[in-house]
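Chains as they are written, first to last, in the UniProt record's numbering: chain A, 1 to 413; chain B, 1 to 413. Note that CB positions come from ideal geometry on N, CA and C, so glycine has one too.
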């Protein structure tokens, strides 16, 4: 039995108790974990400083070091996140559907925890507390596999969380770090079918692809977003301008930022100069087709630009002859995350929302709204871009399975 | 591009149209397919006779030949099945949840088809029509990979279904057989991630395991059932006897048949002789632990018996000291399909339904009730024993994904 199997078996044992824990017990544990994190700010920052020093010595780019760094505010943010999760409704036990069958059998479909959830993630150590809180509230034991660059921070955070969970009467093993160096532990986690119920990779496209390829444990794919904004012939162009700017520049590094702009030919003469100037004023490089390319400062788009998730102040931009051409472009290049149309036409909005195959389709709204917080879910483990189980922002209910409870009085067939 | 990729691409193209088809169009196609199957009874039986002859020449066991055989009744059964599906509500377009957010954005989570569904199945050619009907109604193009022993039957059935679909205004490629010989085509289907959205294996444990191991396409695991009946201390023993007999003998070859019997020690003296006699009278071989073994004709159970899915007139049987021991036994040996308790105790029923981790937990009812038809779903593509996406009998809604439609009037963050 390898080390990963051993932690997975401990997680499975702990999950049996956790699945039966009441909301009151779970919420008390979440509050205890939050308080403990704040109380341990000193030791967490110390461990984190060691990670940051090592990363800097290894020549890690400053943007990644910034994600790695924990200050007092970020530790308090983790604690507040756990308290927020405590305030949310418990998904476990929710009756999803129920009926009495013709023969008198009572049928109930009830939400239950998955059991053991594995999370594989990169840099940010605050994911450690966020994921642990969401998993605990949804009744799942969690196996956390963060990046080696955050190992000291994650180890200290998990130590604090485990102590607090145990002090609240839950098994400490509801939260565990997956031990070991290199890629082998993550691979062992991906092959732990039967011990781990679901694996959620959070991070870059490369990480997600490798988990999807190698895992025999069911995977929920998250987050790659080549999001388009399509400005229709019938768009309110002021709205369109505001939405394009917001979708591209509000937070360029996240998956729901826009990466591609499509404009209907009929409004191109009027809209292109306005949008290009506004984007360029905001520091955005426009990678344009021939029509966009006629404007100053626009860089010619290559074939690859239509598929890129820049996560930066860049946008691919093209003029399309009509709505169907926009739909065809999106069908070819979409990553199935969020796609927006700006239009005053009911017919165009209806056609776009019906025909676009994505987790979220937005009408006259920025792609930035595809977010568990914005949707009112209160907590989010990630944004699923796959079609099985959960699609779009995943809150607590998406972290559960269901079971049927069938009650009779000696019923036989 | 291999042949499988080529049919998958055609399926994907067809799925775009099918996703937008109205219920009226889909139901008309289903009726046309049903009528066409009946009209083609002659050619279907001819193709089937060739399959049956070849199977017999190859020394195939009679039980499998029986599953392979299509007579007039079975062809009519396929046609009626398609008409039944036409009568069911269309899951596509159902609003699963909806709200207006604080900022005025309208949020709707709407059921949409997966897109392309692959089904890999064994012997029975009637699965070809059943699966095609359920997929078509749920808006999914289907790629069917049946067993080579049914190839002539399946080819003829699919030819008939495609012609009828096309005559109804749908693309013929909404229903396709995956061509090619040997295992390579099924493997290519399992690797067609991005072209195929979901793969559903239907068949024996070996088939399902190989799909789960090798597929990069998301899989819905179906059907292996090591189902237990636990007779509690507080059971009505007449009910218990009827339920055990029904669960074991009503149809031993299916996944929701009971394979293991657990009896509380307090009722063993009274119940064991009755249940063993009744089972033996019904032709069942009891593989018992020491307590059961003391009775005439009971075969000693080996370690393997507790994990076996006999699919035959055999049952593993043990006496347990208490409910917790029964729960522990089930936790160790359950395949997560259906687990039943017989008890008059509210407390025992509550504890059993909470603690048992399975697709269906039954109280005072036979495991045979875990079935889409019994649950009132009208049609069933299989019984999922995994926790992701769908668990238990899968009807039309389980054959869909969802998307969020977000409508604003120029909303930005």
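Expressed to the nearest angstrom, what Euclidean distance is found between the alpha-carbon atoms of residue 371 of chain A and residue 379 of chain A?
Within the first chain, the letter at position 371 stands for residue 371 of chain A. Within the first chain, the letter at position 379 stands for residue 379 of chain A. Computed Cα separation, rounded: 10 Å.
For residue 271 of chain B, would you say it is in contact with chain A, using Cβ-to-Cβ distances shorter than 8 Å as the test?
What you label residue 271 of chain B is simply residue 271 of the second chain in a count that begins at 1. So, not an interface residue.
Take residue 322 of chain A as the anchor and find which of A/293, A/231, A/338 has the nearest alpha-carbon.
In the first chain, counting from the first residue as 1, residue 322 of chain A sits at position 322. Answer by Cα proximity: A/231.
Counting contacts by CB-CB distance shorter than 8 Å, is residue 226 of chain A in contact with chain B?
Here residue 226 of chain A corresponds to residue number 226 of the first chain, with the count starting at 1. So no, residue 226 of chain A is outside the interface.
Taking the CB atoms as reference points, tell me whether residue 341 of chain A and residue 260 of chain A lie closer together than 8 Å.
Taking the first chain and counting its residues from 1, one reaches residue 341 of chain A at position 341. Taking the first chain and counting its residues from 1, one reaches residue 260 of chain A at position 260. Result no, Cβ atoms of residue 341 of chain A and residue 260 of chain A do not sit closer than 8 Å.
Does the segment 383-398 of chain A come close enough to the segment 98-106 of chain A that 3 or more CB-CB pairs lie under 8 Å?
no
If you follow the alpha helix (DSSP H) that residue 17 of chain B is in, where does it begin and where does it stop?
Here residue 17 of chain B is taken as the residue at index 17 of the second chain, counted from 1. Taken as a continuous stretch (DSSP letters only), the alpha helix (DSSP H) holding residue 17 of chain B covers 3-20.
Quick one: Cα of residue 205 of chain A to Cα of residue 409 of chain A, how far?
Here residue 205 of chain A corresponds to residue number 205 of the first chain, with the count starting at 1. Here residue 409 of chain A corresponds to residue number 409 of the first chain, with the count starting at 1. For residue 205 of chain A and residue 409 of chain A, the distance between alpha carbons rounds to 53 Å.
So residue 227 of chain B is in the beta strand (DSSP E); what residue range does that whole segment cover?
In the second chain, counting from the first residue as 1, residue 227 of chain B sits at position 227. Taken as a continuous stretch (DSSP letters only), the beta strand (DSSP E) holding residue 227 of chain B covers 227-231.
With a threshold of 6 Å on Cβ separation, who are the neighbours of residue 252 of chain B within its own chain once the five nearest residues in sequence on each side are excluded?
Counting from one through the second chain, the residue named residue 252 of chain B turns up at place 252. Scanning its chain for C-beta atoms nearer than 6 Å, with the 5 sequence neighbours on each side dropped, one finds around residue 252 of chain B the residues 312, 313, in chain order.
Smallest Cα separation from residue 142 of chain A: which of A/197, A/48, A/93, A/226?
Numbered from 1 along the first chain, position 142 holds the residue referred to as residue 142 of chain A. For the residues A/197, A/48, A/93, A/226, the minimum Cα distance to residue 142 of chain A belongs to A/197.
CB-CB under 7 Å to residue 278 of chain A, same chain, minus the five flanking residues each way: which ones, in chain order?
If you number the first chain from 1, residue 278 of chain A lands on position 278. Only 241, 245 meet the Cβ criterion.
Looking only at its own chain, which residues have a Cβ that is under 7 Å from the Cβ of residue 355 of chain B, when we skip the five neighbours before and after it?
Working through the second chain from its first residue, we reach residue 355 of chain B at position 355. Taken in chain order, the residues that qualify are 327.
What span of residues does the beta strand (DSSP E) with residue 314 of chain A cover, start to end?
Counting from 1 along the first chain, the entry for residue 314 of chain A is found at position 314. 314-320 is the extent of the beta strand (DSSP E) around residue 314 of chain A.
Rounding to the nearest angstrom, what Cα-Cα distance links residue 173 of chain B and residue 238 of chain B in this structure?
On the second chain, residue 173 of chain B is found 173 positions in, with the first residue counted as 1. On the second chain, residue 238 of chain B is found 238 positions in, with the first residue counted as 1. Cα to Cα, the separation comes out at about 54 Å.
Check whether the segment 278-287 of chain B touches the segment 29-43 of chain B, counting contact only when three or more Cβ pairs, one atom from each stretch, lie closer than 8 Å.
no
When the Cα atoms are used, what is the spatial distance from residue 68 of chain B to residue 75 of chain B?
The residue you call residue 68 of chain B lines up with position 68 of the second chain. The residue you call residue 75 of chain B lines up with position 75 of the second chain. Those two C-alpha atoms are separated by around 12 Å.
Going by Cα to Cα distance, which pick from A/87, A/221, A/8, A/182 is closest to residue 28 of chain A?
Along the first chain, one-based indexing puts residue 28 of chain A at 28. Measuring from the Cα of residue 28 of chain A, the nearest candidate turns out to be A/87.
Got a sec: which bits of the segment 210-244 of chain B sit with their beta carbon under 8 Å from any beta carbon on chain A, in order along the chain?
212, 213, 216, 218, 219, 220, 236, 238, 239, 242, 243
Once DSSP output is grouped into helix, strand and coil, what is the label at residue 189 of chain B?
In the second chain, residue 189 of chain B corresponds to position 189, counting from 1. Reduced to three states, the DSSP call for residue 189 of chain B is helix.
What is the DSSP secondary structure of residue 403 of chain B, counted as helix, strand or coil?
Indexing the second chain from 1 puts residue 403 of chain B at position 403. Looking at residue 403 of chain B - three-state DSSP - the assignment turns out to be strand.
What does a CB cutoff of less than 7 Å around residue 325 of chain A pick up in its chain, not counting 5 residues either side in sequence?
On the first chain, position 325 is the one that residue 325 of chain A refers to. There are no such residues.
Looking at the structure shown, is residue 100 of chain B part of a helix, part of a strand, or coil, going by DSSP?
Along the second chain, one-based indexing puts residue 100 of chain B at 100. Correct three-state label for residue 100 of chain B: strand.
At the level of alpha carbons, what is the spacing between residue 186 of chain B and residue 128 of chain B?
As a working note, residue 186 of chain B is residue 186 in the second chain. As a working note, residue 128 of chain B is residue 128 in the second chain. Approximately 16 Å, taken between the alpha carbons.
Going by the beta-carbon positions, is the gap between residue 92 of chain A and residue 400 of chain A smaller than 8 Å?
Stepping through the first chain from its first residue, residue 92 of chain A is reached at position 92. Stepping through the first chain from its first residue, residue 400 of chain A is reached at position 400. Against a cut-off of 8 Å, the Cβ pair of residue 400 of chain A and residue 92 of chain A comes out as a contact.
Taking the beta strand (DSSP E) that residue 116 of chain B falls in, what are its first and last residues?
Taking the first residue of the second chain as position 1, residue 116 of chain B is located at position 116. Start and end: 116-121.
Let me make sure I understand the geometry here. Which of B/271, B/303, B/282 has the alpha-carbon closest to that of residue 295 of chain B?
Taking the first residue of the second chain as 1, we reach residue 295 of chain B at position 295. Per the Cα distances, B/271.
Counting only C-beta atoms, is residue 361 of chain A closer than 8 Å to chain B at any point?
Sequence index remark: in the first chain, residue 361 of chain A carries index 361 (1-based). Answer yes: the Cβ-Cβ gap between residue 361 of chain A and chain B drops below 8 Å somewhere.
Between which two residues does the beta strand (DSSP E) harbouring residue 329 of chain A extend?
Within the first chain, residue 329 of chain A is the residue found at index 329, counting from 1. Not the beta strand (DSSP E): residue 329 of chain A falls in the alpha helix (DSSP H), residues 323-333.
So with Cβ pairs under 8 Å, would you call residue 411 of chain A a contact of chain B?
By 1-based counting over the first chain, the position of residue 411 of chain A is 411. Yes, residue 411 of chain A lies at the interface with chain B (some Cβ there is under 8 Å from its Cβ).
Just the Cα atoms here: how many angstroms apart are residue 212 of chain B and residue 184 of chain B?
By one-based count along the second chain, residue 212 of chain B stands at place 212. By one-based count along the second chain, residue 184 of chain B stands at place 184. Approximately 16 Å, taken between the alpha carbons.
Kindly give me the distance between the Cβ atoms of residue 396 of chain B and residue 138 of chain B, rounded to whole angstroms, as I take these residues to be in contact under 8 Å.
Here the question's residue 396 of chain B lines up with position 396 in the second chain. Here the question's residue 138 of chain B lines up with position 138 in the second chain. Their Cβ separation, rounded to whole angstroms, is 5 Å, which keeps residue 396 of chain B and residue 138 of chain B in contact under 8 Å.
Going by DSSP, what residues sit across from residue 393 of chain B in a beta bridge?
The residue given as residue 393 of chain B occupies position 393 in the second chain. DSSP lists B/383 as partners of residue 393 of chain B.
Under 8 Å by Cβ, that's how I've got residue 413 of chain B and residue 366 of chain A pegged, so tell me the actual separation to the nearest angstrom.
Indexing the second chain from 1 puts residue 413 of chain B at position 413. Indexing the first chain from 1 puts residue 366 of chain A at position 366. Cβ-Cβ separation between residue 413 of chain B and residue 366 of chain A: approximately 6 Å, consistent with a contact (criterion under 8 Å).
In this structure, does DSSP put residue 85 of chain B in helix, strand or coil?
The residue given as residue 85 of chain B occupies position 85 in the second chain. DSSP places residue 85 of chain B in helix when its eight states are reduced to three.
Do you know offhand how far residue 210 of chain B's Cα is from residue 217 of chain B's?
Start at 1 with the first residue of the second chain, and residue 210 of chain B comes out as number 210. Start at 1 with the first residue of the second chain, and residue 217 of chain B comes out as number 217. Approximately 13 Å between the Cα atoms of the pair.
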